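Mapping the sequence shown onto the working numbering, position 192 (from 1) lands on 203, and the numbers just tick up by one. Backbone N, C-alpha and C fix where the C-beta goes; we use that ideal spot for every residue, glycine too. A quick note: this is a predicted structure, and the numbers were derived from the prediction, not measured.
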Amino acid sequence: MRLSAQIIQSAEQRTNPLGEREIILRSLAIPSIEHLAVSRDQFDTMDLSNNHLQRIENFPKMERLTTLYLGGNEIYHVDARNLKKNVANLHTLILTGNGVKGWNVIADLGEGCSKLEYLSLVGNPVTRRQHYRLYTIHKIPTLKVLDFQKVKQSERDRAQRLASSAAGAAMEADCRLEARAAASSTANDDSAITSKTYNGDNETNTFEPGEGKNAEESFATQFTMEEKAKIREMVANAASAEEIDRIENLVKKGIFPGKTDSSDSIPPPPPPPPPSEDQDNNGASKRQKIE
Numbered sequence: 012m013r014l015s016a017q018i019i020q021s022a023e024q025r026t027n028p029l030g031e032r033e034i035i036l037r038s039l040a041i042p043s044i045e046h047l048a049v050s051r052d053q054f055d056t057m058d059l060s061n062n063h064l065q066r067i068e069n070f071p072k073m074e075r076l077t078t079l080y081l082g083g084n085e086i087y088h089v090d091a092r093n094l095k096k097n098v099a100n101l102h103t104l105i106l107t108g109n110g111v112k113g114w115n116v117i118a119d120l121g122e123g124c125s126k127l128e129y130l131s132l133v134g135n136p137v138t139r140r141q142h143y144r145l146y147t148i149h150k151i152p153t154l155k156v157l158d159f160q161k162v163k164q165s166e167r168d169r170a171q172r173l174a175s176s177a178a179g180a181a182m183e184a185d186c187r188l189e190a191r192a193a194a195s196s197t198a199n200d201d202s203a204i205t206s207k208t209y210n211g212d213n214e215t216n217t218f219e220p221g222e223g224k225n226a227e228e229s230f231a232t233q234f235t236m237e238e239k240a241k242i243r244e245m246v247a248n249a250a251s252a253e254e255i256d257r258i259e260n261l262v263k264k265g266i267f268p269g270k271t272d273s274s275d276s277i278p279p280p281p282p283p284p285p286p287s288e289d290q291d292n293n294g295a296s297k298r299q300k301i302e
């Protein structure tokens, strides 16, 4: 189920035992993060547990948000730039039971979450790697609790020694390799979306411009980088769910949602072609006969 503006507006909202405003979006089979701008940054805590999320990305500006529950998803990628820019005050992140396996994701969390104090990666493949805890403590120095265990000063000292050792240098090299592999995988995923849009699900390779199968595919293939940035800004500044739906419908049709609706108007028919010489001669002969 897509995370639509209507679902966000109708979701359960409450004041949790910590006195924080919380929105409940768990167990809805949500495949990706979208349309959160419609929440208008009114929540301290967001519960997106037990969905089908694979990537932490696409957050609008949410300065109030401090806690994210993302346990029980399929997350393997973190957009550090998006978190750093739009969720700068995040201090609690629960990623229990996901698919995080690379050092690069730990590094991205450290880069994107400068105020992160509580982190859980229990049940992720990365926790089985040697020196996982020390590496995570080193890359995210603000951590106070990791995997529900308090970070001790002795662990910080050991993490610092590990970082300056040959083993630490090897781990950093692995991190860079894994980051490049992840970037390549993301590029391949985008290419797959483009290919599916142009080729379709059948065996023919004919592309018909216009409306795509969904807004995501149309957005990926039919707009320039500048237009994509403007569309994201329009969604973030939308005043209502209806406005977001209007933008999404236009994007699905391959139409840039400008400030006016002139883009939806039907273009005027082309002027008729000028008459040929044969038509002129026939017309002249007809006039002579009439005369």
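Would DSSP call residue i helix, strand or coil?
i      : result
Ile301 : Caution applies to Ile301, whose pLDDT of 48 falls short of 50 and renders its modelled position unreliable; the model cannot decide the point.
Thr153 : coil
Val89  : strand
Gln160 : strand
Thr26  : strand
Glu31  : coil
Leu79  : strand
Ser165 : helix
Ile266 : coil
Arg5   : Residue 5 lies beyond the stretch modelled for the chain, which goes from 12 to 302, so this question has no answer here.
Asp275 : With a pLDDT of only 43 at Asp275, under the threshold of 50, the placement of this residue in the model should not be trusted, and no figure is reported.
Ile148 : helix
Asn84  : coil
Ala40  : coil
Val49  : helix
Glu219 : For Glu219, the pLDDT reaches just 40, beneath the cut-off of 50, and the residue's location in the model is therefore unreliable, although a value from the coordinates is still provided. Coil at Glu219, not helix or strand.
Lys72  : coil
Lys95  : helix
Gln309 : Since the displayed the chain opens at 12 and closes at 302, residue 309 lies outside it and no answer follows.
With residue i as the anchor, note down where its beta strand (DSSP E) starts and where it stops.
i     : result
Asp58 : 56-58
Considering only the beta carbon of each residue, do residue i and residue j sit closer than 8 Å?
i      : j      : result
Gly121 : Glu189 : no
Ile148 : Ala170 : yes
Gln99  : His63  : Gln is not the amino acid found at residue 99; the sequence shown has Ala there. It is not a contact, given that the beta carbons lie outside the stated cut-off.
Ser38  : Asn61  : yes
Val89  : Asp119 : yes
Ser94  : Cys124 : Reading off the sequence, residue 94 comes out as Leu, not Ser. In contact: Leu94 and Cys124 (Cβ atoms closer than 8 Å).
Leu36  : Leu76  : no
Lys72  : Ala180 : no
Asn27  : Thr56  : yes
His46  : Ala22  : no
Nearest CA to the CA of residue i: which residue from the options?
i      : options                        : result
Ile18  : Val262, Ala252, Lys264, Glu259 : Ala252
Ala48  : Asp58, Leu59, Ser60, Phe70     : Phe70
Lys241 : Leu261, Asn260, Phe267         : Phe267
Gly303 : Leu104, Arg92, Met73, Ala91    : The first residue shown for the chain is 12 and the last is 302, placing residue 303 beyond what the model contains.
Arg66  : Asn109, Pro28, Glu74           : Asn109
Val111 : Val133, Lys96, Lys126          : Val133
Lys150 : Leu127, Ser165, Arg139, Asn135 : Leu127
Glu244 : Glu68, Ile258, Thr232, Asn115  : Ile258
Tyr80  : Glu74, Leu130, Gln53           : Leu130
Thr78  : Val116, Glu31, Leu14           : Glu31
From which residue to which residue does the alpha helix (DSSP H) around residue i run?
i      : result
Leu130 : First-last for Leu130: 129-131, but that is the beta strand (DSSP E), not the alpha helix (DSSP H).
Leu261 : 252-263
Ile19  : 16-21
Ile117 : 114-123
Ile105 : Here Ile105 belongs to no alpha helix (DSSP H); instead the beta strand (DSSP E) covers 103-105.
Val246 : 236-247
Hey, would you say the C-beta of residue i is under 7 Å away from at least one heavy atom of the ligand COA?
i     : result
Lys96 : In the structure on display, the ligand COA does not appear, and there are no ligands present to speak of.
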